[in-house]
Amino acid sequence: MIEIEGLTVRYGSTMALNDVSFSVKGPAIGLLGPNGAGKTTLIRGLLGFLKPKKGTGRVLGHDILTEGLRVRQIVGYLPEDDCLVPEMSAVRFLTYFGELCGMPKDDATQRGHEILHYVGLGEARYRNLETFSAGMKQRIKLAQALIHDPRLLLLDEPTNGMDPSGREEMLHLIKDISRDKGIGVLISTHLLPDVEAVCDEVVVLDEGKVAVHGDIEELKGENRKVYEVRVWGNRERFCGQLHRFGYEWKEWKGDTIKVFVPEEEGAMKIFSAAKESGSQIRHLVFEKISLEQVFVQSVKGSEKE
Amino acid sequence: MPVYDQSYKRWEGSFKSHAFRWWVISKYGIKTAFKRKAVKGLFVFALAPLVASAIYIYGLTHLGKVSAFVQGLGGGMAMPEFSGKIYEVEIEGDTKPFLDKLEEEGLASQMKGRRFTISLPEGENSKKIFAIARQSGTKISRLVPPGVKASFYNGYLKRMFIFLFILLLVVGSGLIAKDVKLNALPIYLAKPITEMEYILGKLGIPVFFLVMVTMVPAIFLFLFQAILIGDSLYLRHYFWVLGAISAYSLLMIFSGTLIVLALSAFSRNVRSAAFGAAAFFWFSPMIAEVLRTSTWNDNYRLISLPHNWTRLGEEIFGLTATTDVRWEWSLLIVLGIMVLCAVGLVRRVRAVEVVK
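Protein chains in written order, with the numbering used here: chain A, 1 to 305; chain B, 1001 to 1356.
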């Protein structure tokens, strides 16, 4: 769905994205990171708003540098900030942007009505946008992103300023779009529960670099137990032994290894692996990883680097 | 009871070609502007000179008495020259056979050298004069039809300056400023349109209104005059005036619109954009006049945008210059302003404002 290769974007002397590379297939991807990590810059780069200093990328097979119009024809964008066109009713606003995307006027009008019902603004169709509340503005922004039936949605902080029930509904809509309607979704947010609720895959950015990237389940170690292990002795042989037992393991920070053990098994085989490799276990902690932990650790990790 | 499915539905249609996406912005902008009472009122009011001019042309063409009356009223005012159903003819060779033939036909005429002023009765046209020339064996070197002259259309367009300025301020000053203020540029440019198409679309809004109150009425008056005279000679003789009307109108419209749009793009505030535009249109002539009268240097008029327009209008319509300012300088300044504004617009209209 999205492939990025060495994307580097500078704002004057500030490095907003530094050699960012990843490839995601969706359908729902979370783009996580603290404020200023480069999430919004990355989305703007995907839309062709920014000229990268170097690197390239493809969105649904189209080059972001040379096929900006094609990318924007098949992508819907929900910006982070309030951004509405004044003096327009909701349905006129959607018809307008539908037509701007190249839809015939009648189709755009009909679809405008449908989308407004879908996002829960059916009753407010003829109200002027200036009178909308913060939550309604988020919904109308989602509606304008959907008007031309895109194949991918880029959502920048989609639940910003929404009350808990509104947020819940918005996440439900996004989930429905990505799971049941076949539209890819990239959500940029710093709200981890939003990503956990909707996404399958996550890219964590920190200070313009990719800190972690992978399946959420894999990163969290779901359906598996995770042990944090430090060994003394022959580490390579120890890891090789784990591999022979069919255990996955991952280098973590320093000399720590994360060992993923099937739910029904305990830590016995870890001890066996140590024994057979002639190593000593110096540290063994069982842990249940949350996405928050993944996020915090990956961000801390990149800080150390 | 059937229940309408309100879930998300895929759209099966196909997108239109990319060619005129900018027109969508113009179309919606024009409709939105027309919803404002001020714009509607101003638009209707700006068409008043058209009605007055049409009545004037009609009166002068059809009713000799009214013509004389109106011209009498005009007195020292700068009324456009008018010749009713009177043709001006210049001939080659001997004038006597031509004059004799005119008398024979009972046509009133005045002669000055080889130039004749011939009055034709209603229902007759230039074919009659050509027939007389043929019969008298005379060659016509120049034949000027009756009706208002080119200067009339130049005067009409000059009189529209004030409406042009006010319409530009009312319609144009908020066009980009509001989008910048409300952060609408990212959603525009996240759609499959380019920055240039956005600018074109915005440009189309004031251009539509200004074309409708300057170029279209002037062309209408020209055709109205040609039809009233009932002589194709008017069209043939003054055909270039159509080009002059278009060129002069478009020069004013595009330069004025680019200035207002550029100011609008560089300001988040509609009022400051309007104030900047007002400075261009009203204060620049004032400053120019103060400098000119204190230094007796006519070239200070170049500071004034309306003066530059006037000077170019005189040149386009082939009229005698009313000032010593060279039209080339005026053109250079107007084109320079247009280029500066266009470059400013292109640089300013971005989905992302990068602060370095």
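Note that the Cβ used here is the ideal one computed from N, Cα and C, for glycine as well. On a predicted model such as this, the values are computed, not experimentally measured, just so you know.
- Between arginine 1159 of chain B and arginine 1348 of chain B, the alpha-carbon positions lie close to 33 Å from each other.
- Counted as a single uninterrupted DSSP element, the alpha helix (DSSP H) harbouring tyrosine 1156 of chain B occupies residues 1150 to 1159.
- Contact annotation: in the region 1278 to 1301 of chain B, no residue has its CB less than 9 Å from a CB in chain A.
- Taking a Cβ-Cβ threshold of 7 Å, the residues of chain A close to proline 1186 of chain B are Pro79 and Cys83, in chain order.
- Taking one beta carbon from each stretch, the region 227 to 242 of chain A and the region 254 to 269 of chain A have 3 or more pairs nearer than 8 Å; the two touch.
- In chain B, no part has a C-beta under 9 Å from the C-beta of phenylalanine 132 of chain A; the shortest such distance is about 12 Å.
- By the Cβ criterion, the region 86 to 93 of chain A is not in contact with the region 1208 to 1216 of chain B, since fewer than three pairs of Cβ atoms, one from each stretch, lie closer than 8 Å.
- At a cut-off of 8 Å between beta-carbon atoms, alanine 1038 of chain B makes no contact with chain A.
- For histidine 113 of chain A, no beta strand (DSSP E) encloses it; the enclosing alpha helix (DSSP H) starts and ends at 105 to 118.
- Under the Cβ criterion of 8 Å, alanine 1190 of chain B is counted among the residues facing chain A.
- The beta-carbon of isoleucine 1193 of chain B is placed less than 8 Å from the nearest beta-carbon of chain A.
- With respect to the C-alpha of alanine 1262 of chain B, the residue from B:Arg1114, B:Ala1150, B:Lys1178 and B:Glu1124 having the closest C-alpha is B:Lys1178.
- If you check the CB distance, isoleucine 64 of chain A and proline 150 of chain A do not come in under 8 Å.
- Apart from the 5 residues on each side of it in sequence, serine 279 of chain A sits with its Cβ closer than 6 Å to the Cβ of Val231, Gly233, Asn234 and Phe238 in its chain, given in chain order.
- For glycine 1276 of chain B, same chain residues with a beta-carbon under 6 Å away, outside a window of 5 residues either side, are Leu1263 in chain order.
- Separation of the CB atoms of isoleucine 1176 of chain B and alanine 1046 of chain B is rounded to 23 Å, and the pair is thereby denied contact status at 8 Å.
- Taking the Cβ atoms as the reference, phenylalanine 1222 of chain B lies roughly 6 Å from leucine 1242 of chain B, within the contact range of under 8 Å.
- Per the C-alpha coordinates, the member of B:Ile1253, B:Glu1090 and B:Tyr1058 positioned closest to leucine 1335 of chain B is B:Ile1253.
- Residues of the region 81 to 109 of chain A whose Cβ lies closer than 7 Å to any Cβ of chain B, in chain order: Asp81, Asp82, Cys83, Leu84, Val85, Pro86, Glu87, Tyr96, Phe97, Glu99, Leu100, Cys101, Gly102, Met103, Pro104 and Asp107.
- Interface annotation, isoleucine 257 of chain A: not in contact with chain B, CB-CB separation never under 8 Å.
- Shown here, isoleucine 216 of chain A sits in a helix according to DSSP, grouped into three states.
- At least one CB of chain A lies nearer than 8 Å to the CB of serine 1007 of chain B.
- Secondary structure of lysine 1112 of chain B (DSSP, three-state): strand.
- With three or more CB-CB distances shorter than 8 Å, the region 180 to 196 of chain A counts as touching the region 152 to 166 of chain A.
- Those residues of the region 1339 to 1352 of chain B placed with their C-beta closer than 7 Å to a C-beta in chain A are Ala1351 and Val1352, ordered along the chain.
- Across the region 55 to 70 of chain A, CB contacts with chain B closer than 9 Å involve Gly68, Leu69 and Arg70, in sequence order along the chain.
- Contacts with chain A at 8 Å (Cβ-Cβ) do not include asparagine 1269 of chain B.
- Rounded to whole angstroms, the gap between the alpha carbons of alanine 1131 of chain B and leucine 1143 of chain B is 13 Å.
- Residues Val20, Ser21, Phe22, Val203 and Val204 of the same chain have their beta carbon placed closer than 8 Å to that of valine 210 of chain A, with the five preceding and five following residues left out of the count.
- Along the length of the region 245 to 295 of chain A, whole alpha helix (DSSP H) runs at least 4 residues long occupy 268 to 277, reported in chain order.
- Interface annotation for the region 153 to 179 of chain A against chain B: Leu154, Leu173, Asp176 and Ile177, criterion Cβ-Cβ distance under 9 Å.
- Scanning its chain for C-beta atoms nearer than 6 Å, with the 5 sequence neighbours on each side dropped, one finds around valine 59 of chain A the residues Ile2, Leu46 and Val71, in chain order.
- Using a Cβ-Cβ cut-off of 9 Å, leucine 47 of chain A is close to Pro1186, Leu1189, Ala1190 and Ala1351 of chain B, given in chain order.
- Close partners of glutamine 73 of chain A in chain B (Cβ separation under 8 Å): Phe1015 and Pro1192.
- When C-alpha distances from tryptophan 1282 of chain B are compared across B:Phe1161, B:Ile1187 and B:Pro1049, the shortest belongs to B:Phe1161.
- Taking a C-beta cut-off of 8 Å against chain A, none of the residues of the region 1219 to 1238 of chain B qualify.
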